Amino acid sequence: DAYDPKRALQGQSPYILNSGLTANLPKWDMSTTLAYNIIGDRVAYVGTDNFADIYERHRNLLDFSVSKKLGRNGEVKLTWGDILRTDFVYYQDNNSSHKYEADVDNLMQRRNFGSTVTLGLGYRF
70 DAYDPKRALQ
80 GQSPYILNSG
90 LTANLPKWDM
100 STTLAYNIIG
110 DRVAYVGTDN
120 FADIYERHRN
130 LLDFSVSKKL
140 GRNGEVKLTW
150 GDILRTDFVY
160 YQDNNSSHKY
170 EADVDNLMQR
180 RNFGSTVTLG
190 LGYRF
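When you number the sequence shown by the numbering used here, it's gap-free, plus one each residue, and the end is 194.
Below, the structure written as structure tokens:
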């Protein structure tokens, strides 16, 4: 039976963790941040009696940024997003275990968008 009346609501994660470390380096007019985020597996698409729910698998996200003041009003900032490049995985939870099991569940989609690197310049008037 694919229908699980005890499952969480669509989009609701069983856990969320957001953490970060920031270091201000006034001697060099710089600051840096390392951030880690994770959410638990969650229902992406609600199933029916004959079609199991589709879950989005948890992803580990790690981001890094460093910024440097330029003079009194300028700033340059470098950001590296999604350093770990964890795949987006969507699976049909056939046994209602609420976790991906390759030998039981149907893999619906696996994608990887890679990391992002941005460089920005700012000036305050």
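Every residue, glycine too, gets a C-beta built ideally from N, C-alpha and C.
For clarity, every value in this text was computed on a predicted model and none was experimentally measured.
- Use the C-beta contact count for residue 170: other C-beta atoms within 10 angstroms, 16 or more gives buried, fewer gives exposed. Residue numbering aside, residue 170 sits at position 101 when the sequence shown is read from its first letter. Burial call: exposed.
- Message: Is it buried or exposed, residue 192, if we count other Cβ atoms within 10 angstroms and call 16 or more buried?
- Response: On the sequence shown, position 123 is the one that residue 192 refers to. With fewer than 16 other Cβ atoms inside 10 Å of its own Cβ, residue 192 counts as exposed.
- May I ask you to verify whether the segment 107 to 123 touches the segment 137 to 149, counting CB pairs closer than 8 Å and requiring at least 3? Three or more Cβ pairs closer than 8 Å define a contact, and the segment 107 to 123 falls short of that threshold against the segment 137 to 149.
- Message: At the level of alpha carbons, what is the spacing between residue 14 and residue 181?
- Response: Only positions 70 to 194 of the chain appear in this structure, which leaves residue 14 out of reach.
- Task: Would you check if the segment 91 to 106 and the segment 126 to 145 touch, i.e. whether three or more CB-CB distances between them fall below 8 Å?
- Result: Taking one beta carbon from each stretch, the segment 126 to 145 and the segment 91 to 106 have 3 or more pairs nearer than 8 Å; the two touch.
- Message: With H, G and I counted as helix, E and B as strand and the rest as coil, what does DSSP make of residue 168?
- Response: Counting from 1 along the sequence shown, the entry for residue 168 is found at position 99. In the structure shown, residue 168 sits in coil (DSSP, three-state: anything other than H, G, I, E or B).
- Helix, strand or coil: how does DSSP classify residue 96 here? Walking along the sequence shown from the start, residue 96 turns up at place 27. In this structure, residue 96 counts as helix in the three-state DSSP scheme.
- Query: Based on the DSSP output, what are the partners of residue 130 in its beta bridges?
  - Reply: Your numbering for residue 130 matches position 61 in the sequence shown. Residue 130 pairs with 106.
- Item | 8 Å Cβ cutoff met for residue 175 and residue 164 | Here residue 175 corresponds to residue number 106 of the sequence shown, with the count starting at 1. Here residue 164 corresponds to residue number 95 of the sequence shown, with the count starting at 1. No, the Cβ-Cβ distance between residue 175 and residue 164 is not below 8 Å.
- Message: Can you look up residue 175 in the DSSP assignment and give me helix, strand or coil?
- Response: Position 106 of the sequence shown holds residue 175. In the structure shown, residue 175 sits in a strand (DSSP, three-state: E or B).
- Taking buried to mean at least 16 other C-beta atoms within 10 Å of its own C-beta, is residue 85 buried or exposed? Stepping through the sequence shown from its first residue, residue 85 is reached at position 16. Residue 85 should be labelled exposed.
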